[in-house]
Amino acid sequence: MIKGKYKNEAFNKLKSDCIKYMSPQRDWHYPKADMYLLYSLKQAPPYSCSAPFWREIREEIFTELRQVVNKPTIYYLALVTHSEKSIALPIGNECPDMYGFFFLESKEADIINSNVKQDMHAYISACKDLGITHPHLINWFERDKRWHRAEDNTAYLAGNKFYSTVLPKNGTTYFHVEFRND
Numbered sequence: 011m012i013k014g015k016y017k018n019e020a021f022n023k024l025k026s027d028c029i030k031y032m033s034p035q036r037d038w039h040y041p042k043a044d045m046y047l048l049y050s051l052k053q054a055p056p057y058s059c060s061a062p063f064w065r066e067i068r069e070e071i072f073t074e075l076r077q078v079v080n081k082p083t084i085y086y087l088a089l090v091t092h093s094e095k096s097i098a099l100p101i102g103n104e105c106p107d108m109y110g111f112f113f114l115e116s117k118e119a120d121i122i123n124s125n126v127k128q129d130m131h132a133y134i135s136a137c138k139d140l141g142i143t144h145p146h147l148i149n150w151f152e153r154d155k156r157w158h159r160a161e162d163n164t165a166y167l168a169g170n171k172f173y174s175t176v177l178p179k180n181g182t183t184y185f186h187v188e189f190r191n192d
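According to our numbering, the sequence shown is numbered sequentially starting from 11.
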């Protein structure tokens with residue numbers, strides 16, 4: 011997993027506008043969390059939010075994302091805000107090339123990454139990690155995994171060959187971003 015900093019002013023403004031002006035949506039990756047889809051090339055036709063605040067800040071956000079990751083195509087962008095009952099299912103090979111989480115408010119959330127190539131067993135193992143309440147007490151190297159305590163205003167990026175599981179807390183807020191290397 012690659013860890014990096016980013017300029018968060020535009021992301022904080024976008025978060026504020028999403029929460030203020032948009033109705034939260036649901037996504038299967040984030041059961042019981044509020045999700046705000048802004049951009050997606052996953053479906054046909056491609057989706058781009060029509061809210062005026064998104065059109066005004068889109069290029070600034072995309073420029074900042076490309077500063078953090080040198081990938082030509084932003085493939086997916088959504089804001090995720092977790093509640094006390096929400097979870098984040100493992101993400102991995104459904105992404106085209108690379109994916110990441112740009113944390114605005116981590117609230118001491120944790121990220122667990124598998125170091126094993128993806129298969130059904132790796133996904134099941136990643137799903138089992140969702141029930142862990144004290145990940146700092148586990149020796150992750152023995153499980154071929156890595157554990158990270160998320161920090162505010164920090165990006166965590168991974169390739170699509172490995173699963174990442176976010177263990178959120180109430181109020182954990184981040185942008186889920188996917189990239190495609192054309």
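A virtual CB, placed ideally from N, CA and C, is assigned to each residue, including glycine. Everything numeric in this text was worked out from a predicted model, so none of it was measured.
Give the single residue among the options whose Cα lies nearest to the Cα of residue i.
i	options	result
A43	Q77, T83, E94	E94
I12	L177, T182, N191, N170	N170
P178	L48, P34, L99, T164	L99
F63	Y86, K23, S135, D154	K23
V79	Y16, T182, N149	Y16
R198	D37, E74, Y85, C59	The chain is shown only over 11 to 192; residue 198 falls outside these bounds and no answer can be derived.
T194	T183, A136, D154	Residue 194 lies beyond the stretch modelled for the chain, which goes from 11 to 192, so this question has no answer here.
A132	I101, A61, P55	I101
Y166	I29, I148, Y109	Y109
C105	L89, E188, I134, T73	E188
H39	A88, D192, N125	A88
R36	S96, R68, R65	S96
A168	N103, L140, E69	N103
G14	S58, Q77, L48	Q77
M130	P145, Y173, P41	Y173
P41	C28, L140, D154, K25	L140
M67	C28, L147, S50, E152	What sits at residue 67 in the sequence shown is Ile, not Met. That would be C28, whose Cα lies nearest to the Cα of I67.
Counting along the chain, where does the alpha helix (DSSP H) carrying residue i start and finish?
i	result
I97	No alpha helix (DSSP H) contains I97, which DSSP labels as neither H nor E.
S124	It is not in any alpha helix (DSSP H) - S124 instead sits in the beta strand (DSSP E) that spans 120–124.
E69	62–78
Y31	19–31
Once DSSP output is grouped into helix, strand and coil, what is the label at residue i?
i	result
M7	What is shown of the chain runs 11 to 192, which leaves residue 7 out entirely.
R159	strand
K15	strand
S116	coil
A54	coil
For residue i, which residues from the same chain have a beta carbon less than 8 angstroms from its beta carbon, with the 5 sequence-adjacent residues on both sides left out?
i	result
W150	I122, R156, W157
P34	D44, M45, Y46, T91
F21	I71, E74, F112, L114, F185
K81	D107, M108, F189, R190, N191
Q53	none
Locate the beta strand (DSSP E) running through residue i, then write down its first and last residues.
i	result
Y173	Run containing Y173: none; DSSP gives neither H nor E here.
L47	44–50
Ordered along the chain, which non-local residues of its own chain (more than five positions away) have a Cβ less than 6 angstroms from that of residue i?
i	result
N18	N163
P145	D120, W157
C59	L48
What does DSSP give as the partner residues of residue i in its beta bridges?
i	result
R190	T83
T143	Paired residue(s): none; T143 is not in a bridge.
G110	L167, V187
A88	L47, H186
Identify, in the order they occur along the chain, each residue of the same chain with its Cβ nearer than 7 angstroms to the Cβ of residue i, setting aside the five sequence neighbours on each side.
i	result
R159	E118, D120
T31	The sequence given here has Tyr at residue 31, not Thr. Counting only Cβ-Cβ distances below 7 angstroms, and skipping sequence neighbours, we find A61, F63.
T182	H92, E115, S116, K117, A119
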